[in-house]
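Chemist:
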Amino acid sequence: MPHNPNGVLMIANRLIDVGERRVIVVSPEGDPASAGSVKLLRELADRGKRVIFIDMTAFGTVSAAMLDGNQPAGITDLLAGKCRFKEVIHCDRFSQAHVIPLGNADPVLAMRSADRLPLILDALETIYDFVLIECGPSSSVHIRQVTDGAATIIMSIVDPDDNAVAISALDLDQNGFEDVIILMGEAENI
787 MPHNPNGVLM IANRLIDVGE RRVIVVSPEG DPASAGSVKL LRELADRGKR
837 VIFIDMTAFG TVSAAMLDGN QPAGITDLLA GKCRFKEVIH CDRFSQAHVI
887 PLGNADPVLA MRSADRLPLI LDALETIYDF VLIECGPSSS VHIRQVTDGA
937 ATIIMSIVDP DDNAVAISAL DLDQNGFEDV IILMGEAENI
C-alpha cells in the first residue's frame, strides 16, 4: 500500500531531504489539526533527529497533552523574562523530542518582547535539527514573526473542505507564502 503523499511519513522525509531547521505549522482547524504536527515531531524524533516543539497556540492545549496535562513554564515566560532557556524546555512523554509549552506568563506582556523571538529561534536552531513551531489557526501576519529567515511552512489539516482551511490557504498565498506543504491527518488524541 503506497504512503499518503501528504501524510506524516512523507512530510518527514521531505523535511529531512530539504534540511531547513525551522518548521512553522499553521493548523486552521485548531487542536484537532495540531495533532498532526505532534505526530510529525514524534516521527522525526523516532528517526533520531533532535527536535523541539514550540507551542504558540492560543491556549497551550497541545503541549499540555504532550506533558501529561501539566502546564509548566514556557515560551511566554521566556519572552517575558521570567525564566531562562533551561527552565522552559521539557521532555515529551511519548518520544525523545523536547517541548517548550505556551507557558504561564501574561501573553500580552510576553508579546511586548516579541522582537526577541527570532533570537530565541536562532539559538534553538544551533542545537536542534528541527525547531517545529505550532501556531494553531494563525494568519500570515502572525507567522511572519517567526519567519525571519528560511523556514518550511506546513498547513496541518483534517478536513480539506473546512471553510477555515480555505480561508487560511488563501491568506497564506496572498501574503507571500506560496510553497506551503499540506499535512493531512485525522482528528485524534495527541
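Quick note on numbering: the sequence shown equals residues 787 to 976 in the working numbering.
Yeah, the Cβ is synthetic: ideal placement off N, Cα and C, and Gly gets one too.
(1) Can you tell me where the beta strand (DSSP E) with S924 in it begins and where it stops?
(2) Once the 5 residues before and after I797 are set aside, which same chain residues still bring their CB inside 8 angstroms of it?
(3) Would you decide whether L956 is buried or exposed? Buried here means 16 or more other CB atoms lie within 10 Å of its CB.
(4) In the DSSP output, what is H876 paired with across the bridge?
(5) Considering only residues of the same chain and omitting the five flanking positions on each side of D948, which have a CB-CB separation below 6 angstroms?
(6) Rounded to whole angstroms, what's the CA-CA distance from T933 to P904? Just pull it up for me.
(7) Would you say I886 and D841 are within 8 angstroms of each other, going by their C-beta atoms?
(8) Which one or two residues does DSSP pair with F839 in a beta bridge?
(9) For the beta strand (DSSP E) containing L853, list its first residue and its last residue.
(10) Would G922 pass as a contact of S813 if the rule is Cβ separation under 8 angstroms?
(11) Does F963 pass the burial test, meaning 16 or more other C-beta atoms within 10 Å, or should it be called exposed?
(12) Which class does I943 belong to by DSSP, given the choice of helix, strand or coil?
Modeler: Looking at the coordinates:
(1) Counting along the chain, S924 falls outside any beta strand (DSSP E), and DSSP gives it neither H nor E.
(2) Excluding residues up to 5 positions away in sequence, L826, I940, I967 and L969 lie with their Cβ nearer than 8 angstroms to the Cβ of I797 in the same chain.
(3) Residue burial annotation: L956 is exposed, with fewer than 16 other C-beta atoms found within 10 angstroms of its C-beta.
(4) Beta-bridge pairing links H876 to V885.
(5) Excluding positions up to five away in sequence, the list reads E815.
(6) For T933 and P904, the distance between alpha carbons rounds to 8 angstroms.
(7) Yes; because the gap between Cβ atoms is below 8 angstroms, this pair is in contact.
(8) The partner list for F839 (beta bridge, DSSP) reads V885 and L918.
(9) That residue, L853, is in no beta strand (DSSP E); it is neither H nor E in DSSP.
(10) Cβ distance < 8 angstroms, so G922 and S813 count as in contact.
(11) By the neighbour-count rule (16 or more Cβ atoms within 10 Å), F963 is buried.
(12) DSSP places I943 in strand when its eight states are reduced to three.
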